[in-house]
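Chemist: Sharing a structure below in structure tokens format, with a few things to ask.
Residue numbers (the working numbering): 7 to 205.
Printed below as a string of structure tokens:
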């Protein structure tokens, strides 16, 4: 198994070589950590929910410009990813949802964007995003999402394989849309030499 440092060095080197290439590349190294090694500040925030949650996993993510902590879990049958800043402040929550189970009111605008911009596309992953409000108690924020009280997401994250009319190859990208389905960010997802996705 590759160590974190063995993966991170070629990733950062590749980033430097890319220079100002467009679109930007999503480069994150995800390191799994044991629950007993997870920061106590994060465990304290999640303590009201961990007993009922299943498949709980902890990660430390190193990107080009930041370090974050991520906790993935299944809560009441729903798949969540809870992300914290390096100083353990809650950043956001993402809920993974199967594309075919989405309502047409969500699928329609997303499909329209890809249909208008690409000759072919395949949606590989879809997440609703909920951004933590400044000054709001993190446990109350999480409770409102886990309980379904907070219905409207703040944005959407889509991973898709796309192909332009003038290209024979598919590209793999991450797209971020705001709650009005306007594209606000696009990043290319790359793989390391072993074929592992770096995201």
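Note that CB positions come from ideal geometry on N, CA and C, so glycine has one too.
Starting from residue 114, follow the beta strand (DSSP E) in both directions and report where the run begins and ends.
Modeler: On the chain shown, residue 114 is found 108 positions in, with the first residue counted as 1. It is not in any beta strand (DSSP E) - residue 114 instead sits in the alpha helix (DSSP H) that spans 110 to 123.
Chemist: Nearest CA to the CA of residue 167: which residue from 128, 133, 79, 36?
Modeler: As a working mapping, residue 167 is identified with position 161 in the chain shown. The option with the nearest alpha carbon to residue 167 is 128.
Chemist: Candidates 145, 89, 92, 131: which alpha carbon is nearest residue 106's?
Modeler: If you number the chain shown from 1, residue 106 lands on position 100. Selected option, being the one with the closest Cα: 131.
Chemist: Out of curiosity, what's the CA-to-CA distance linking residue 112 and residue 165?
Modeler: Sequence index remark: in the chain shown, residue 112 carries index 106 (1-based). Sequence index remark: in the chain shown, residue 165 carries index 159 (1-based). Each residue's Cα considered, the two are about 15 Å apart.
Chemist: Beta-carbon separation of residue 31 and residue 60 under 8 Å?
Modeler: By one-based count along the chain shown, residue 31 stands at place 25. By one-based count along the chain shown, residue 60 stands at place 54. Contact flag unset, no.
Chemist: Which runs of the alpha helix (DSSP H) fall wholly inside the region 55 to 89 and span at least 4 residues, in chain order?
Modeler: With a minimum length of 4 residues, no continuous alpha helix (DSSP H) run stays inside the region 55 to 89.
Chemist: On the three-pair Cβ rule with 8 Å, is the region 136 to 146 touching the region 66 to 78?
Modeler: With a cut-off of 8 Å, the region 66 to 78 and the region 136 to 146 do not count as touching, because too few Cβ pairs lie within range.
Chemist: From residue 142 to residue 56, what does the alpha carbon distance come to, in whole angstroms?
Modeler: Position 136 of the chain shown, counted from the start, is the residue given in the question as residue 142. Position 50 of the chain shown, counted from the start, is the residue given in the question as residue 56. Their Cα atoms are separated by approximately 20 Å.
Chemist: Could you give the distance in angstroms between the alpha-carbon of residue 149 and the alpha-carbon of residue 103?
Modeler: Counted from its first residue, the chain shown places residue 149 at position 143. Counted from its first residue, the chain shown places residue 103 at position 97. Computed Cα separation, rounded: 19 Å.
Chemist: Evaluate the contact criterion for the region 44 to 52 versus the region 87 to 102: three or more CB pairs, one atom per stretch, below 8 Å.
Modeler: Segments in contact, yes.
Chemist: Alpha carbon to alpha carbon, what distance is there between residue 115 and residue 73?
Modeler: Looking up residue 73 in the chain shown gives position 67. Looking up residue 115 in the chain shown gives position 109. Their backbone Cα atoms lie some 32 Å apart in a straight line.
Chemist: Taking only three categories from DSSP, how would you classify residue 39?
Modeler: One-based indexing of the chain shown puts residue 39 at position 33. Of the three classes helix, strand and coil, the one that applies to residue 39 here is strand, per DSSP.
Chemist: Could you check what DSSP says for residue 137 in three-state terms: helix, strand or coil?
Modeler: By one-based count along the chain shown, residue 137 stands at place 131. Reduced to three states, the DSSP call for residue 137 is strand.
Chemist: Can you check whether the CB of residue 162 is closer than 8 Å to the CB of residue 183?
Modeler: One-based indexing of the chain shown puts residue 183 at position 177. One-based indexing of the chain shown puts residue 162 at position 156. Against a cut-off of 8 Å, the Cβ pair of residue 162 and residue 183 comes out as a contact.
Chemist: Measuring straight from C-alpha to C-alpha, what distance separates residue 126 and residue 158?
Modeler: Sequence index remark: in the chain shown, residue 126 carries index 120 (1-based). Sequence index remark: in the chain shown, residue 158 carries index 152 (1-based). In a straight line, the C-alpha of residue 126 is about 29 Å away from that of residue 158.
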